[in-house]
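Take any residue in the sequence shown, note its place counting from 1, add 221, and you have its number in this note's numbering.
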Amino acid sequence: QSDINNGEVVNSATVTADGPNGLTATDVSDSLNPADDTGADDDPTVEPLQQVINVTLTKTGVIDDGGDGVIDAGDTVTYTFVVTNTGNVTITNFVLTDPLFDASGIVFDNTTLDPGETATGTLTDIYVLTQDNVDDGFVQNSATIEVDDTVIGLSTTDVSDAGDETVETPDGNGNTDGDPTNDPTVLDIPQTATIVLTKDSEFIDGNGNGIP
222 QSDINNGEVV NSATVTADGP NGLTATDVSD SLNPADDTGA DDDPTVEPLQ QVINVTLTKT
282 GVIDDGGDGV IDAGDTVTYT FVVTNTGNVT ITNFVLTDPL FDASGIVFDN TTLDPGETAT
342 GTLTDIYVLT QDNVDDGFVQ NSATIEVDDT VIGLSTTDVS DAGDETVETP DGNGNTDGDP
402 TNDPTVLDIP QTATIVLTKD SEFIDGNGNG IP
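Structure, rendered in C-alpha coordinates:
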(Lines of atoms letter the chains of each structure in order from A and count residues from 1; the text may use other names and numbers.)
(Lines give C-alpha, C1' and ligand atoms only; values in the text may rest on other atoms or scores of the structure.)
Protein backbone atom coordinates (compact mmCIF):
# COMPACT_ATOMS: atom_id res chain seq x y z
CA GLN A 1 0.00 0.00 0.00
CA SER A 2 2.87 2.36 0.70
CA ASP A 3 4.08 1.84 -2.88
CA ILE A 4 0.71 2.94 -4.25
CA ASN A 5 0.52 5.85 -1.82
CA ASN A 6 3.96 6.93 -3.05
CA GLY A 7 2.83 6.57 -6.66
CA GLU A 8 5.83 4.54 -7.72
CA VAL A 9 8.16 1.65 -6.96
CA VAL A 10 11.86 2.58 -6.91
CA ASN A 11 14.33 -0.28 -6.78
CA SER A 12 17.76 -1.52 -7.79
CA ALA A 13 19.14 -5.04 -8.01
CA THR A 14 22.72 -6.25 -7.61
CA VAL A 15 24.48 -9.04 -9.45
CA THR A 16 27.62 -10.76 -8.18
CA ALA A 17 29.64 -13.16 -10.33
CA ASP A 18 32.56 -15.42 -9.44
CA GLY A 19 35.33 -15.92 -11.98
CA PRO A 20 38.49 -18.03 -12.12
CA ASN A 21 41.43 -17.52 -9.85
CA GLY A 22 39.24 -15.96 -7.13
CA LEU A 23 38.06 -13.08 -9.26
CA THR A 24 34.63 -11.58 -8.61
CA ALA A 25 32.55 -8.90 -10.27
CA THR A 26 29.49 -6.99 -9.04
CA ASP A 27 27.18 -4.44 -10.60
CA VAL A 28 24.17 -2.46 -9.45
CA SER A 29 21.36 -2.45 -11.97
CA ASP A 30 20.80 0.44 -14.33
CA SER A 31 17.45 1.49 -15.72
CA LEU A 32 16.77 1.20 -19.44
CA ASN A 33 13.39 2.91 -19.18
CA PRO A 34 13.50 6.22 -21.07
CA ALA A 35 11.24 7.79 -18.48
CA ASP A 36 13.63 7.36 -15.55
CA ASP A 37 17.06 6.76 -17.10
CA THR A 38 19.14 9.87 -16.48
CA GLY A 39 22.07 8.58 -18.45
CA ALA A 40 24.17 8.05 -15.34
CA ASP A 41 25.36 4.63 -14.35
CA ASP A 42 23.26 2.55 -11.99
CA ASP A 43 20.04 4.54 -12.22
CA PRO A 44 17.37 2.87 -10.08
CA THR A 45 14.40 1.42 -11.91
CA VAL A 46 11.27 3.50 -11.30
CA GLU A 47 7.85 2.03 -12.05
CA PRO A 48 5.01 4.61 -11.85
CA LEU A 49 1.77 3.42 -10.21
CA GLN A 50 -1.57 5.01 -11.01
CA GLN A 51 -3.23 6.56 -7.97
CA VAL A 52 -7.02 6.67 -7.73
CA ILE A 53 -8.68 8.61 -4.90
CA ASN A 54 -12.37 7.95 -4.46
CA VAL A 55 -14.89 7.74 -1.62
CA THR A 56 -18.58 6.93 -1.22
CA LEU A 57 -20.85 8.36 1.46
CA THR A 58 -24.10 6.85 2.72
CA LYS A 59 -26.50 8.68 5.01
CA THR A 60 -29.26 7.01 7.02
CA GLY A 61 -31.55 8.47 9.67
CA VAL A 62 -33.87 7.50 12.52
CA ILE A 63 -36.62 9.72 13.93
CA ASP A 64 -37.20 9.79 17.70
CA ASP A 65 -40.88 10.48 18.37
CA GLY A 66 -40.20 11.37 22.00
CA GLY A 67 -42.07 8.32 23.27
CA ASP A 68 -45.58 9.55 22.45
CA GLY A 69 -45.94 7.44 19.31
CA VAL A 70 -46.60 10.50 17.14
CA ILE A 71 -43.99 12.21 14.97
CA ASP A 72 -44.47 15.96 15.14
CA ALA A 73 -42.54 19.20 15.06
CA GLY A 74 -39.83 19.29 17.71
CA ASP A 75 -39.01 15.59 17.45
CA THR A 76 -35.40 14.81 16.66
CA VAL A 77 -33.54 12.89 13.98
CA THR A 78 -30.28 10.98 14.40
CA TYR A 79 -28.30 10.62 11.20
CA THR A 80 -25.52 8.10 10.66
CA PHE A 81 -22.84 8.57 8.01
CA VAL A 82 -20.61 5.85 6.57
CA VAL A 83 -17.56 6.82 4.49
CA THR A 84 -15.98 4.08 2.37
CA ASN A 85 -12.60 4.37 0.66
CA THR A 86 -13.26 3.00 -2.84
CA GLY A 87 -9.98 4.20 -4.34
CA ASN A 88 -6.54 2.60 -4.22
CA VAL A 89 -4.74 5.11 -1.98
CA THR A 90 -4.95 5.71 1.77
CA ILE A 91 -7.02 8.78 2.72
CA THR A 92 -6.44 10.71 5.92
CA ASN A 93 -8.36 13.96 5.56
CA PHE A 94 -12.09 14.03 4.87
CA VAL A 95 -14.64 16.71 5.74
CA LEU A 96 -18.41 16.21 5.95
CA THR A 97 -20.86 19.02 5.20
CA ASP A 98 -24.64 18.93 5.47
CA PRO A 99 -27.01 21.80 4.68
CA LEU A 100 -29.45 20.65 7.39
CA PHE A 101 -27.10 21.23 10.32
CA ASP A 102 -23.56 21.94 11.41
CA ALA A 103 -21.74 18.67 10.74
CA SER A 104 -18.53 19.72 12.46
CA GLY A 105 -19.62 17.95 15.65
CA ILE A 106 -19.68 14.53 14.02
CA VAL A 107 -16.73 12.40 15.09
CA PHE A 108 -15.80 9.42 12.92
CA ASP A 109 -14.50 6.21 14.46
CA ASN A 110 -11.69 6.04 11.93
CA THR A 111 -9.84 8.93 10.31
CA THR A 112 -7.28 7.00 8.26
CA LEU A 113 -8.84 4.73 5.65
CA ASP A 114 -6.96 2.23 3.53
CA PRO A 115 -8.71 1.04 0.36
CA GLY A 116 -11.90 -0.84 1.28
CA GLU A 117 -12.03 0.46 4.84
CA THR A 118 -14.98 2.41 6.28
CA ALA A 119 -15.54 5.07 8.91
CA THR A 120 -18.83 5.67 10.74
CA GLY A 121 -19.96 8.94 12.28
CA THR A 122 -23.09 9.45 14.37
CA LEU A 123 -24.39 12.32 16.48
CA THR A 124 -27.65 11.95 18.41
CA ASP A 125 -30.46 14.47 17.96
CA ILE A 126 -28.63 16.49 15.33
CA TYR A 127 -31.74 17.69 13.54
CA VAL A 128 -35.07 18.93 14.91
CA LEU A 129 -38.15 18.40 12.76
CA THR A 130 -40.03 21.51 11.71
CA GLN A 131 -43.74 21.86 11.05
CA ASP A 132 -42.94 22.18 7.36
CA ASN A 133 -41.32 18.73 7.51
CA VAL A 134 -44.43 17.26 9.10
CA ASP A 135 -46.73 19.01 6.59
CA ASP A 136 -44.61 17.66 3.72
CA GLY A 137 -44.80 14.14 5.11
CA PHE A 138 -41.06 13.58 4.88
CA VAL A 139 -37.66 15.14 5.46
CA GLN A 140 -35.27 14.82 2.53
CA ASN A 141 -31.61 15.72 2.44
CA SER A 142 -28.15 14.90 1.08
CA ALA A 143 -24.72 15.43 2.59
CA THR A 144 -21.34 15.82 0.90
CA ILE A 145 -17.95 14.36 1.77
CA GLU A 146 -14.78 16.05 0.57
CA VAL A 147 -11.33 14.48 0.62
CA ASP A 148 -8.32 16.72 0.12
CA ASP A 149 -5.20 14.69 0.72
CA THR A 150 -2.25 17.05 0.71
CA VAL A 151 0.24 14.18 1.03
CA ILE A 152 -0.47 12.77 -2.41
CA GLY A 153 -1.98 15.94 -3.83
CA LEU A 154 -5.32 14.40 -4.84
CA SER A 155 -8.88 15.35 -3.93
CA THR A 156 -12.39 14.08 -4.52
CA THR A 157 -15.98 14.61 -3.38
CA ASP A 158 -19.11 12.49 -3.14
CA VAL A 159 -22.77 13.28 -2.50
CA SER A 160 -24.39 10.92 -0.02
CA ASP A 161 -26.50 7.96 -1.04
CA ALA A 162 -29.41 6.64 1.00
CA GLY A 163 -27.90 3.17 1.06
CA ASP A 164 -30.88 1.57 -0.66
CA GLU A 165 -30.03 0.32 -4.14
CA THR A 166 -33.66 -0.46 -5.05
CA VAL A 167 -35.04 1.73 -7.82
CA GLU A 168 -38.55 2.86 -6.98
CA THR A 169 -41.11 5.26 -8.43
CA PRO A 170 -41.47 8.45 -6.35
CA ASP A 171 -44.77 9.00 -4.60
CA GLY A 172 -46.90 12.14 -4.89
CA ASN A 173 -44.55 14.06 -2.64
CA GLY A 174 -41.50 13.17 -4.66
CA ASN A 175 -40.50 10.75 -1.95
CA THR A 176 -38.41 7.75 -2.97
CA ASP A 177 -36.31 5.18 -1.17
CA GLY A 178 -33.90 4.42 -3.88
CA ASP A 179 -31.79 5.22 -6.83
CA PRO A 180 -28.60 3.36 -7.65
CA THR A 181 -26.32 6.32 -6.93
CA ASN A 182 -26.44 9.42 -4.76
CA ASP A 183 -30.17 9.42 -4.03
CA PRO A 184 -31.15 11.73 -1.15
CA THR A 185 -31.96 10.29 2.26
CA VAL A 186 -35.72 10.41 2.75
CA LEU A 187 -37.39 9.81 6.12
CA ASP A 188 -41.16 9.36 5.98
CA ILE A 189 -43.31 11.16 8.52
CA PRO A 190 -46.78 9.57 8.99
CA GLN A 191 -49.43 12.26 8.81
CA THR A 192 -52.64 12.34 10.86
CA ALA A 193 -55.43 14.91 10.49
CA THR A 194 -57.60 15.23 13.62
CA ILE A 195 -59.62 18.11 15.07
CA VAL A 196 -61.74 18.51 18.22
CA LEU A 197 -64.84 20.73 18.37
CA THR A 198 -66.55 21.64 21.65
CA LYS A 199 -69.85 23.52 22.01
CA ASP A 200 -71.01 25.07 25.29
CA SER A 201 -74.31 26.82 26.08
CA GLU A 202 -75.56 29.24 28.72
CA PHE A 203 -79.13 30.51 29.27
CA ILE A 204 -79.39 34.30 29.64
CA ASP A 205 -82.63 35.54 31.31
CA GLY A 206 -82.94 38.76 29.35
CA ASN A 207 -85.98 40.23 31.17
CA GLY A 208 -85.18 38.76 34.56
CA ASN A 209 -88.51 36.95 35.00
CA GLY A 210 -86.87 33.60 35.56
CA ILE A 211 -88.66 32.03 32.60
CA PRO A 212 -87.03 31.18 29.26
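Backbone N, C-alpha and C define an ideal beta-carbon position, used for all residues, glycine too.
Just so we're clear, the structure is a prediction, and the values are computed from it rather than from any experiment.
Would you mind stating whether I312 and L270 have Cβ atoms separated by less than 8 Å? By one-based count along the sequence shown, residue 312 stands at place 91. By one-based count along the sequence shown, residue 270 stands at place 49. Contact: no.
Where do the N-terminal and C-terminal ends of the beta strand (DSSP E) with V249 fall, by residue? What you label residue 249 is simply residue 28 of the sequence shown in a count that begins at 1. From DSSP, the beta strand (DSSP E) with V249 extends over 245–249.
Would V249 be called buried (16 or more neighbouring beta carbons within 10 Å of its own) or exposed? Here residue 249 refers to the residue found at position 28 when the sequence shown is read from its first residue. Note on V249: under 16 other CB atoms within 10 angstroms of its CB, so exposed under the neighbour-count rule.
Where do the N-terminal and C-terminal ends of the beta strand (DSSP E) with V230 fall, by residue? Along the sequence shown, one-based indexing puts residue 230 at 9. Judged by DSSP secondary structure, V230 falls within the beta strand (DSSP E) whose first and last residues are 229–232.
Determine the burial state of N354: buried for a count of at least 16 other Cβ atoms within 10 Å of its Cβ, exposed for fewer. In the sequence shown, the residue the question calls residue 354 occupies position 133. It counts as buried.
Compute the distance between the beta-carbons of V276 and F329, then report whether it is under 8 Å. Here the question's residue 276 lines up with position 55 in the sequence shown. Here the question's residue 329 lines up with position 108 in the sequence shown. F329 is positioned such that its CB atom lies no closer than 8 Å to that of V276.
Cα-Cα, which of P265, T237, T378 is closest to V230? Counted from its first residue, the sequence shown places residue 230 at position 9. Among P265, T237, T378, the Cα nearest to that of V230 is on P265.
Relative to the C-alpha of L317, which candidate in D421, L350, T343, D293 has its C-alpha closest? Start at 1 with the first residue of the sequence shown, and residue 317 comes out as number 96. For the options D421, L350, T343, D293, the alpha carbon positioned closest to that of L317 is the one of T343.
Below 8 Å between beta carbons: does that hold for A364 and K280? In the sequence shown, counting from the first residue as 1, residue 364 sits at position 143. In the sequence shown, counting from the first residue as 1, residue 280 sits at position 59. In terms of Cβ geometry, A364 and K280 form a close pair [threshold 8 Å].
Let me know if S381 comes out buried or exposed under the rule of 16 or more other beta-carbons within 10 Å of its beta-carbon. Residue numbering aside, residue 381 sits at position 160 when the sequence shown is read from its first letter. S381 sits buried, since 16 or more C-beta atoms from the chains shown fall within 10 Å of its C-beta.
Segment limits, beta strand (DSSP E) that includes V304: Along the sequence shown, read from residue 1 onward, the residue named residue 304 stands at position 83. Where V304 is concerned, the enclosing beta strand (DSSP E) stretches over 297–306.
Rounded distance between the beta-carbons of F359 and L408, thought under 8 Å: Start at 1 with the first residue of the sequence shown, and residue 408 comes out as number 187. Start at 1 with the first residue of the sequence shown, and residue 359 comes out as number 138. Going by Cβ atoms, the distance from L408 to F359 rounds to 6 Å, so yes, they are a contact pair.
Taking only three categories from DSSP, how would you classify N331? Against the sequence shown, residue 331 aligns to sequence position 110. Residue state, collapsed to three classes: coil.
On a Cα-Cα basis, can you pick out the residue from Y348, D239, T305, T413 that is closest to D335? Taking the sequence shown and counting its residues from 1, one reaches residue 335 at position 114. Nearest C-alpha to D335 among Y348, D239, T305, T413: T305.
Assign A238 to one of three DSSP states: helix, strand, or coil. The residue labelled residue 238 in the question sits at position 17 within the sequence shown. Annotated three-state conformation of A238 is strand, per DSSP.
DSSP three-state call for D353: helix, strand or coil? Residue 353 sits at position 132 when you count from the first residue of the sequence shown. In this structure, D353 counts as helix in the three-state DSSP scheme.
Going by beta carbon distance, what residues of the same chain come within less than 6 Å of G228, once the five residues before and after it are set aside? Position 7 of the sequence shown, counting from 1, holds the residue named residue 228. Within the same chain, L270, Q272 come within 6 Å of G228 by CB-CB distance, once the 5 residues on both sides are set aside.
Based on the DSSP output, what are the partners of E367 in its beta bridges? Position 146 of the sequence shown, counting from 1, holds the residue named residue 367. According to DSSP, E367 shares a beta bridge with V316, T378.
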